[in-house]
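Report on one structure; see the data block that follows.
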Amino acid sequence: MEVRHSVHPEDVKRLTTEELRERFLIQGLFKPDEIKMVYSHVDRMITGSACPIKPLALEVGKGLGVEYFLERRELGVINVGGAGVVKVDGVEYALNTTDGLYVGKGSKEITFSSNDAGKPAKFYFNSAPAHTTYPTAKIERQSITPAHLGSIQSSNERNIYKYIHPQGVKSCQLVMGMTALEPGNMWNSMPCHTHDRRMEVYFYFNLPEDAAVFHLMGEPSQTRHIVMSNEEAVISPSWSIHSGVATSCYTFIWGMAGENQTFDDMDHVAMKNLK
């Protein structure tokens, strides 16, 4: 498991392009028959992926200092590939494309598998520390009524699907969902905001291979950007904006952890104050 340490906003002002990418960008997700994980010291969020050709077990490794992965954690999973199954302590949960699963603290045995090795599942996941156990629950995307926001005039018409949140599938602190831009739209989370009480991770997908996302980050008065490709993720500390524009429409998964779970608890930034 790769470890990323926290970065002070004053330090980010002096980072090179390569250093920004090393500290915040997550690449190399969905390698066949491999579970990849990145542990961030920002709210101790783990971001990971599993692309099983044969069944893959979620192992704890040495970094967490516990006997099994979810001994003191919870897990949110969204499948962005072919149909697959997540088995939790012997119970199988079938996940089609964009279906999700919440797994509560205390679950011991977790395995990922694909229905068709030729079209493997791509399980993207976030995991946050937890002190309370909530029931494991499957989330079908078609069962979620999205919030429709934005407009084609602003190039940000989109549907927001909330998977794990206080009014839906409940968790200890993890909040997770997906935003799908309508065709012809390219902007997300603009006008932008910060939320000093929660960190966030964005995972961009459904982007053409020859397209790029320009993810905006940094303090509102000291913005920076990271150029990203399809199926890459980026860590956003609580002090940073998290917004982006791409050369095509796309979908992204957002995962949050921190002091609260209030989706609308945002510190909005006026466009005139961005620099």
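For reference, each letter of the sequence shown is one residue, going 9 to 283 in my numbering. From the three backbone atoms N, C-alpha and C, an ideal C-beta is built for every residue, glycine too. Note that the structure is predicted; figures quoted are calculated from it, not measured.
Chain-order list of residues whose beta-carbon lies under 6 Å from that of residue i (same chain, five-residue window excluded)
i, result
"L66", "F77 and I118"
"L33", "I234 and V242"
"P174", "Q269"
"E267", "R205"
"V96", "V111, S115, I118 and T144"
Other residues of its chain near residue i: CB distance less than 8 Å, five sequence neighbours each side excluded
i, result
"R29", "I234"
"A220", "V235, M236, S237, A254 and T255"
"E75", "V68"
"V277", "P199, C200, H201, T202, P228 and I249"
"T231", "L224, M225, I249, L282 and K283"
"R166", "H156, L157, G158, T187, A188, L189, E190, N193 and N196"
Short Cβ contact (9 Å threshold) for residue i with residue j
i, j, result
"W195", "N164", "yes"
"G92", "I172", "no"
"F38", "K170", "no"
"T106", "N123", "no"
"A136", "R12", "no"
"Y210", "W247", "no"
"Y132", "F213", "yes"
"M186", "I168", "yes"
"E18", "K44", "no"
Exposure label - residue i; buried when at least 16 CB within 10 Å
i, result
"P228", "buried"
"P40", "exposed"
"P128", "buried"
"G89", "buried"
"H223", "buried"
"M279", "exposed"
Contact set for residue i: own chain, Cβ-Cβ below 7 Å, skip 5 residues either direction
i, result
"V50", "S14, M207, I243 and P245"
"E217", "N238"
"P143", "G112"
Three-way DSSP call (helix, strand, coil) for residue i in this model
i, result
"F38", "coil"
"N134", "strand"
"R205", "coil"
"N281", "helix"
"R22", "coil"
"I147", "strand"
"V52", "Correcting the residue identity first, residue 52 is Arg in this sequence and not Val. Coil, per DSSP."
"F77", "coil"
"E82", "strand"
"S162", "helix"
"L72", "coil"
"L109", "strand"
"E10", "strand"
"F271", "coil"
Given 8 Å as the limit, is there contact between the region 71-88 and the region 165-185, that is, 3 or more CB pairs closer than that? yes
Does the count of Cβ pairs from the region 150-165 and the region 44-60 closer than 8 Å reach three? no
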